[in-house]
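Visitor:
Residue numbers (our numbering): 10 to 323.
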């Protein structure tokens, strides 16, 4: 099932100007994205950025107020598109009293599978999720990580060509997260087209070819990791400084110097490390007591902070 599939001439997924409102709240605000064949596209942003609503809009769980979604050129609500799409929701969607095998068989039948095709799909999914030895165990007896893996397998039982994964590592331990990463990398390596939502920078860096940074329902930056950093900071580096003084006093000085307050510290961008001396001198003249200072290259979290003025986990 994991072998690469022939790709039609149309893009696996195209989103054009998608808008979704809930009352006065605009959850998705004119998002336009394209998913090329075989790419893992990350949607990176804090909770409430609109990632899950966008995914639900693609699979038809919420009805957009405007915009279009097409899957290999077909409307997202068509039978052809539904056959090509797989969805792994953030919430567990499993029958706790059924076994792992029975869950997969049930979801397979929902998608029209039967006979040997169903048996082969169930076995592949159990093997892919490392649950062959738990095939006949009731789901209620599985660990949280095992349930997550089975939840992912259920979304792929019908052998989709495009899969949407909505924060599949929520609530799992580090060992389970690594196993989930390996499962996704196996799909990606076999040519699957994937959209992966997360609010963890390290997940986006490890798994995704390109990253769309979302905030307040909009895509505010799009590109590969190094491209995003280069477009935002060019060759500049970051200076992080912490002071012993009250935050409100530090904040006024940081704003005056064109920096950003990060927690109780200050963050500046500089073209050359020699500029640090000028910052230290300015801080001393303002009567601030420096605790420590460091220089680093920007990362994805830096890009998000620079573009939005807040941290990714806020």
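Note that the Cβ used here is the ideal one computed from N, Cα and C, for glycine as well.
Here the structure is a predicted model, which is why all the values come from computation and not from measurement.
1) Quick one: Cα of residue 32 to Cα of residue 261, how far?
2) Using only CA atoms, which one of 168, 96 and 299 lies nearest to residue 126?
3) Does the structure place the stretch 23 to 40 close enough to the stretch 184 to 204 that three or more beta carbon pairs sit under 8 Å?
4) Grab the span of the alpha helix (DSSP H) containing residue 320 for me, first residue to last.
5) On the three-state DSSP scale, how would you describe residue 241?
6) What do you reckon, are the CB atoms on residue 53 and residue 309 nearer than 8 Å?
7) Could you check where the alpha helix (DSSP H) with residue 290 kicks off and where it finishes?
8) Near residue 305, which residues of its chain fall below 8 Å by C-beta distance, leaving aside the five closest residues on each side in sequence?
9) Which of the three DSSP states is assigned to residue 306 in this structure?
10) Give the straight-line distance between the Cα atoms of residue 256 and residue 298, rounded to the nearest whole angstrom.
11) Starting from residue 250, follow its DSSP beta bridges and name the residues at the other end.
12) Around the Cβ of residue 184, are there at least 16 other Cβ atoms within 10 angstroms (buried) or fewer (exposed)?
13) Within its chain, find whatever has a CB closer than 7 Å to the CB of residue 214; leave out the 5 residues flanking it on each side and keep chain order.
14) From the DSSP output, read off the bridge partner residues of residue 43.
15) Kindly indicate which residue of 171, 132 and 288 has the alpha-carbon position closest to the one of residue 89.
16) Answer yes or no: the CB of residue 216 versus the heavy atoms of the ligand ADP, is any distance below 7 Å?
17) Relative to the alpha-carbon of residue 152, which residue among 181, 61 and 313 has its alpha-carbon at the smallest distance?
18) Terminal residues of the continuous beta strand (DSSP E) containing residue 201?
19) Smallest Cα separation from residue 130: which of 98, 113 and 119?
20) Where do the N-terminal and C-terminal ends of the beta strand (DSSP E) with residue 219 fall, by residue?
21) What first and last residue would you give for the beta strand (DSSP E) that runs through residue 52?
22) Alpha helix (DSSP H) containing residue 109: first to last residue?
23) If we call anything under 8 Å between Cβ atoms a contact, is residue 155 one with residue 140?
24) Quick check on the DSSP output: the alpha helix (DSSP H) that includes residue 162 runs from which residue to which?
25) Is residue 65 helix, strand or coil by DSSP?
26) Between which residues of its own chain and residue 166 is the CB-CB distance below 6 Å, once the five residues before and five after are set aside?
27) Look up residue 30 in the DSSP assignment and say whether it is helix, strand or coil.
28) Between residue 317 and the rest of its own chain, which residues show a CB-CB distance below 6 Å, the 5 nearest in sequence each way excluded?
Guide: Concretely, from the data shown:
1) By 1-based counting over the chain shown, the position of residue 32 is 23. By 1-based counting over the chain shown, the position of residue 261 is 252. Taking the straight line from one Cα to the other gives about 37 Å.
2) For the purposes of this step, residue 126 is identified with residue 117 of the chain shown, where counting begins at 1. Ranking the options by Cα distance to residue 126, first place goes to 168.
3) Result no; under three Cβ-Cβ pairs closer than 8 Å.
4) Position 311 of the chain shown holds residue 320. No alpha helix (DSSP H) holds residue 320; DSSP gives it neither H nor E.
5) Position 232 of the chain shown holds residue 241. If DSSP states are grouped into helix, strand and coil, residue 241 belongs with the helices.
6) For the purposes of this step, residue 53 is identified with residue 44 of the chain shown, where counting begins at 1. For the purposes of this step, residue 309 is identified with residue 300 of the chain shown, where counting begins at 1. Yes, these two residues count as a Cβ contact at 8 Å.
7) Taking the first residue of the chain shown as position 1, residue 290 is located at position 281. 284 to 294 is the extent of the alpha helix (DSSP H) around residue 290.
8) Residue 305 sits at position 296 when you count from the first residue of the chain shown. Excluding sequence neighbours, residue 305 sits near 246, 247 and 249.
9) Mapped onto the chain shown, residue 306 falls at position 297. Here residue 306 carries a coil assignment [DSSP, helix/strand/coil].
10) Indexing the chain shown from 1 puts residue 256 at position 247. Indexing the chain shown from 1 puts residue 298 at position 289. Here the alpha carbons of residue 298 and residue 256 stand approximately 12 Å from one another.
11) By one-based count along the chain shown, residue 250 stands at place 241. 275 and 302, per the DSSP bridge assignment.
12) Numbered from its first residue, the chain shown carries residue 184 at position 175. Counting C-beta atoms within 10 angstroms of its own C-beta, residue 184 has fewer than 16 neighbours from the protein chains shown and is therefore classed as exposed.
13) For the purposes of this step, residue 214 is identified with residue 205 of the chain shown, where counting begins at 1. Excluding sequence neighbours, residue 214 sits near 234 and 309.
14) To locate residue 43, count along the chain shown from 1; it is residue 34. Among the bridge pairs identified by DSSP, residue 43 is matched with 23.
15) Numbered from its first residue, the chain shown carries residue 89 at position 80. The alpha carbon of residue 89 has as its nearest neighbour, out of 171, 132 and 288, the alpha carbon of 171.
16) The ligand content of the structure shown is nil, which means the ligand ADP is not present either.
17) Numbered from 1 along the chain shown, position 143 holds the residue referred to as residue 152. Among 181, 61 and 313, the Cα nearest to that of residue 152 belongs to 181.
18) Stepping through the chain shown from its first residue, residue 201 is reached at position 192. According to the DSSP assignment, residue 201 belongs to no beta strand (DSSP E), since it is labelled neither H nor E.
19) The count along the chain shown starts at 1 and reaches residue 130 at position 121. Checked all of 98, 113 and 119; the closest Cα to residue 130 is 113.
20) If you number the chain shown from 1, residue 219 lands on position 210. First-last of the beta strand (DSSP E) with residue 219: 219 to 224.
21) For this step, residue 52 is matched to residue 43 along the chain shown. For residue 52, the enclosing beta strand (DSSP E) covers residues 49 to 53.
22) Residue numbering aside, residue 109 sits at position 100 when the chain shown is read from its first letter. Taken as a continuous stretch (DSSP letters only), the alpha helix (DSSP H) holding residue 109 covers 109 to 119.
23) Here residue 155 corresponds to residue number 146 of the chain shown, with the count starting at 1. Here residue 140 corresponds to residue number 131 of the chain shown, with the count starting at 1. Yes, the pair counts as a contact, with Cβ atoms nearer than the cut-off.
24) Indexing the chain shown from 1 puts residue 162 at position 153. DSSP places residue 162 in the uninterrupted alpha helix (DSSP H) bounded by 153 to 164.
25) Taking the chain shown and counting its residues from 1, the one referred to as residue 65 is at position 56. Assignment of residue 65 by DSSP, reduced to helix, strand and coil, places it in the helix class.
26) To locate residue 166, count along the chain shown from 1; it is residue 157. Non-local C-beta neighbours of residue 166 in its own chain, meaning closer than 6 Å and more than five positions away in sequence, comprise 113, 116, 117, 130 and 134, ordered along the chain.
27) If you number the chain shown from 1, residue 30 lands on position 21. Strand, per DSSP.
28) In the chain shown, counting from the first residue as 1, residue 317 sits at position 308. Short of 6 Å from the beta carbon of residue 317, and not among the five residues preceding or following it, lie these beta carbons of its own chain, in chain order: 224.
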